[in-house]
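Peer 1:
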Amino acid sequence: MISAGDFKNGLTIEYEGSIYRIVEFQHVKPGKGAAFVRSKLKNIITGAVVEKTFRPQEKMPRAQIETQDMQYLYQDGTVFYFMDMSSFEQLPVNESEVGDALKFVRENDMVKVLSHNGNVFAIEPEIVAKLAVTETEPGFAGNTSSGATKPATLETGVVVNVPLFINIGDVLEIDTRTGEYRGRA
Numbered sequence: 003m004i005s006a007g008d009f010k011n012g013l014t015i016e017y018e019g020s021i022y023r024i025v026e027f028q029h030v031k032p033g034k035g036a037a038f039v040r041s042k043l044k045n046i047i048t049g050a051v052v053e054k055t056f057r058p059q060e061k062m063p064r065a066q067i068e069t070q071d072m073q074y075l076y077q078d079g080t081v082f083y084f085m086d087m088s089s090f091e092q093l094p095v096n097e098s099e100v101g102d103a104l105k106f107v108r109e110n111d112m113v114k115v116l117s118h119n120g121n122v123f124a125i126e127p128e129i130v131a132k133l134a135v136t137e138t139e140p141g142f143a144g145n146t147s148s149g150a151t152k153p154a155t156l157e158t159g160v161v162v163n164v165p166l167f168i169n170i171g172d173v174l175e176i177d178t179r180t181g182e183y184r185g186r187a
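Residue numbers for the sequence shown follow the working numbering, so the first one is 3 and each next one is one higher.
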């Protein structure tokens with residue numbers, strides 16, 4: 003059991019017969035009255051986001067989430083295939099569970115597959131992806147004091163903003179949580 007006063011982003015709980023992941027929370031202590039916890043919860047099955055308010059001492063069971071490292075193999079229509087590297091079993095996952103989690107993932111890259119009672123609900127890529135630039139305007143010197151950026155297309159097809167000196171073929175480090183350029187690899 004976990005109390006609402008111990009909430010953290012990313013924690014999964016069982017609440018009202020469903021499994022929720024805490025997207026955001028805020029401990030509020032008003033001038034008058036008792037403290038409370040305002041939270042945004044995402045249903046891992048439906049994807050619906052709800053806002054709930056809890057008393058800090060309210061307790062609810064923590065959901066048991068299985069995390070498994072798997073290799074992304076390929077996409078076939080709306081189904082993505084992943085492979086368990088120890089048993090070599092392939093796991094098909096529908097596009098609705100994947101969402102846009104694979105926009106920084108190439109074939110054969112490792113990801114974390116999150117499931118509850120055998121039902122996959124999310125895919126988490128590595129925090130930092132190393133991807134090559136396939137398309138961008140030519141780099142040029144000067145005017146760098148303003149921190150100017152330009153769009154660049156990466157090998158997975160996603161477009162990110164990068165500094166002006168980045169050229170085609172450069173390998174970049176991208177933060178997969180925010181989609182921001184972190185530096186050259």
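Yeah, the Cβ is synthetic: ideal placement off N, Cα and C, and Gly gets one too.
This structure is a prediction, so every number in the text was calculated from the model and none was measured.
1) For VAL51, report the span of its alpha helix (DSSP H) as first-last.
2) Which residues mark the beginning and the end of the alpha helix (DSSP H) in which GLU91 is found?
3) Roughly how many angstroms lie between the CA atoms of GLU139 and LYS132, to the nearest whole one?
4) Cutting at 6 Å between CB atoms, please list the residues of its own chain near LEU93, excluding the five before and the five after it.
5) By how many angstroms is the C-alpha of GLN70 removed from the C-alpha of GLU91?
6) Taking buried to mean at least 16 other C-beta atoms within 10 Å of its own C-beta, is ARG23 buried or exposed?
7) Reducing DSSP to helix, strand and coil, say where ASP71 ends up.
8) Look at GLU126 and VAL113 and say whether their C-beta atoms are less than 8 Å apart.
9) Using only the alpha-carbon positions, how far apart do VAL95 and SER5 sit?
10) Pick from ILE46, HIS29 and TYR183: whose alpha carbon is nearest that of ILE21?
11) So which of THR180, GLU16, THR55 and GLU109 has the shortest CA-CA distance to ALA37?
12) Please go through the stretch 11 to 47 and give each complete beta strand (DSSP E) segment of 3 or more residues, from N-terminal end onward.
13) Please state if the CB of GLY120 and the CB of GLN59 are separated by a distance shorter than 8 Å.
14) According to DSSP, simplified to helix, strand and coil, what is GLU97?
15) Taking 8 Å as the cut-off, decide whether the C-beta atoms of ALA124 and GLU157 are in contact.
16) Indicate the three-state DSSP secondary structure (helix, strand or coil) for ALA124 in the structure shown.
17) Within 10 angstroms of the Cβ of MET72, are there 16 or more other Cβ atoms? Answer buried if so, exposed if not.
Peer 2: A quick look at the data gives this:
1) For this step, residue 51 is matched to residue 49 along the sequence shown. It is not in any alpha helix (DSSP H) - VAL51 instead sits in the beta strand (DSSP E) that spans 51 to 56.
2) Walking along the sequence shown from the start, residue 91 turns up at place 89. Per DSSP, GLU91 lies in no alpha helix (DSSP H) segment and is marked neither H nor E.
3) Here residue 139 refers to the residue found at position 137 of the sequence shown. Here residue 132 refers to the residue found at position 130 of the sequence shown. The alpha-carbon atoms of GLU139 and LYS132 are separated by roughly 20 Å.
4) For this step, residue 93 is matched to residue 91 along the sequence shown. Setting aside the 5 residues that flank it on each side, LEU93 is surrounded in the same chain by PHE84, each with a C-beta closer than 6 Å to its C-beta; the list follows chain order.
5) Within the sequence shown, the letter at position 89 stands for residue 91. Within the sequence shown, the letter at position 68 stands for residue 70. Each residue's Cα considered, the two are about 12 Å apart.
6) Counting from one through the sequence shown, the residue named residue 23 turns up at place 21. Counting every other CB atom within 10 Å of its CB across the protein chains shown gives ARG23 a total of 16 or more, marking it as buried.
7) Counting from 1 along the sequence shown, the entry for residue 71 is found at position 69. The three-state secondary structure of ASP71, taken from DSSP, is strand.
8) The residue given as residue 126 occupies position 124 in the sequence shown. The residue given as residue 113 occupies position 111 in the sequence shown. Yes, these two residues count as a Cβ contact at 8 Å.
9) Here residue 95 refers to the residue found at position 93 when the sequence shown is read from its first residue. Here residue 5 refers to the residue found at position 3 when the sequence shown is read from its first residue. So the alpha carbons of these two residues sit roughly 33 Å apart.
10) Sequence index remark: in the sequence shown, residue 21 carries index 19 (1-based). If we check each option's Cα against that of ILE21, ILE46 comes out closest.
11) Looking up residue 37 in the sequence shown gives position 35. Of the candidates THR180, GLU16, THR55 and GLU109, the one whose C-alpha sits nearest the C-alpha of ALA37 is THR55.
12) You should have 14 to 17, 20 to 30 and 38 to 45.
13) Position 57 of the sequence shown holds residue 59. Position 118 of the sequence shown holds residue 120. Not a contact, by the Cβ cut-off of 8 Å.
14) Taking the first residue of the sequence shown as 1, we reach residue 97 at position 95. Secondary structure at GLU97: helix, using DSSP grouped into helix, strand and coil.
15) The residue you call residue 124 lines up with position 122 of the sequence shown. The residue you call residue 157 lines up with position 155 of the sequence shown. No, they are not a contact pair.
16) Numbered from 1 along the sequence shown, position 122 holds the residue referred to as residue 124. Here ALA124 carries a strand assignment [DSSP, helix/strand/coil].
17) What you label residue 72 is simply residue 70 of the sequence shown in a count that begins at 1. With 16 or more other Cβ atoms within 10 Å, it is buried.
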